[in-house]
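The structure appears below as structure tokens.
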Amino acid sequence: MKKIMLKITLLVVVLTFHPVISNAQSRKDKEQTVTVKDPYDVAKINAPKGKKIKNVILMIGDGMSLMDMYSAWTLNKGKLNLENAQAVGLSKTYCANKLITDSGAGGTAIATGHKTNYHMVGTDVNGNPLPSLTDFAKNKQLSTGVVVTCRLNDATPADFCCNNTDRDKDYEIVADYTTCGVDFIFGGGSKYFENRPDGRNIFREMENKGYQTPKNWDALSKINSGKVLAVVDTLDLPEPKVRGNILEKASMKAVDMLSKNDKGFFLMIEGSQLDDYGHFNDLDLLMQEIFDFDKTIGKVFEWAAKDGETLVIVTADHETGGLTLVGGDLEKGKIVGKFSTTGHSGVMVPVYAFGPGSENFTGIYENTALFDKIKKLLNL
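Numbering-wise, the sequence shown is residues -24 to -1, 1 to 356 according to mature numbering (1 follows the signal peptide of the UniProt record, and there is no 0).
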């Protein structure tokens, strides 16, 4: 009977995952064409001239490459909000035990300043917990936030809030949110917060610690103060056309609430699903996701320009999909692209900076240097 059940389980796994894998493999190395008839508007945003840095907003496009952004720029007929950045650099993404990193090790390097092993989140190579930028900011009495469109147990948000030697330990990672102390948390993954195998209800535990736990945007939009854990979907949030501009709204809600702290804040915003559509080799969905991320970048840049004391950094933890732009038409908003892999690649990723202190992010450096630079500039 056990053998029969095992076979059934394996069959379900194959049936569940094979279509995605086969679809991506069928697209790999084949040209895909995407056209946009109505590009979105992009305004010129002048950066503030002051030098004081009170706040830092770190925006991570998971799996984002220079080719991704240039393809999106072409598709939007030669304009992106990201072009308002004042400085550009390059980050080396390799991890402690592999040349090709994952979001666990890649994000941990940015969040903690330490290279670690593949698949680890928030720990060193020996499995010891590492403090992240949110911890350092909290210790200096700054407010902190994490906004993502993936499940909160996914690698990048976990890198900033949790500690585990295996990014796949979903329930253990989610339990770490009860001790992370981050003031504003937004994402998906409610499946892992309640009805858990260990019987714990993480929502209730967070409420006992003073957190408000809205389950949708309407409820979140009515909250103007206090700590927030907003888990608005069972797993990852849906694709951009379905979820709308929720990343932009949640990001600006976080900025609005965190900026009430006179001592400043640190906020990490992730364009989470660029990585998924890179893995799937789906050029159309990847471009939709980048447009969504870039529109959010535009809103953040606008706010930072008015604030005058906010540094915004936009980067990636690694590259996914190996996209190459092989053709297109700038005037028509058309691109022709090919993917070379359904996994990650080992290329350096771009770093863009806007606002006071942006000059510190030019050049070529290790991904761990992002942590060092932010820590120094915020005097953490």
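Don't be surprised by glycine CBs; every beta carbon is placed ideally from N, CA and C.
- In the structure shown, Ile178 adopts helical secondary structure according to DSSP, grouped into three states.
- The three-state secondary structure of Gln117, taken from DSSP, is coil.
- Assignment of beta strand (DSSP E) within the stretch 147 to 223, counting only whole runs of 3 or more residues, yields 160 to 164 and 203 to 207 in chain order.
- When Leu287, His320, Thr300 and Phe315 are compared, the shortest CA-CA separation from Lys349 is found for Leu287.
- Boundaries of the alpha helix (DSSP H) harbouring Phe269: Leu259 to Asp283, taken from the DSSP string.
- DSSP places Ile86 inside the alpha helix (DSSP H), whose first and last residues are Ser79 to Thr88.
- The Cβ atoms of Thr291 and Gly37 lie closer than 9 Å to each other.
- Three or more beta-carbon pairs drawn from the stretch 306 to 313 and the stretch 51 to 70 are found closer than 8 Å, and the two stretches are therefore classed as touching.
- Each residue's CA atom was taken as its position, placing Val101 and Asn22 some 42 Å apart.
- Within the stretch 227 to 262, the runs of alpha helix (DSSP H) that reach at least 4 residues and sit entirely inside it are, in chain order, 250 to 255.
- Shown here for Gly82: same chain residues with a beta carbon closer than 7 Å to its own, the five before and five after excluded, namely Thr69, Cys71, Asp293, His294 and Asn343 in chain order.
- In the DSSP assignment, Pro326 falls outside any alpha helix (DSSP H) and lies within the beta strand (DSSP E) extending over Val325 to Phe330.
- The three-state secondary structure of Met35, taken from DSSP, is strand.
- In terms of Cβ geometry, Ala(-1) and Ser79 do not form a close pair [threshold 9 Å].
- Annotation for Gly103: Met96 and Thr141 place their beta carbon closer than 8 Å to its own, counting only its chain and skipping 5 residues before and after.
- Boundaries of the alpha helix (DSSP H) harbouring Tyr46: Leu42 to Leu51, taken from the DSSP string.
- Annotated three-state conformation of Gln1 is helix, per DSSP.
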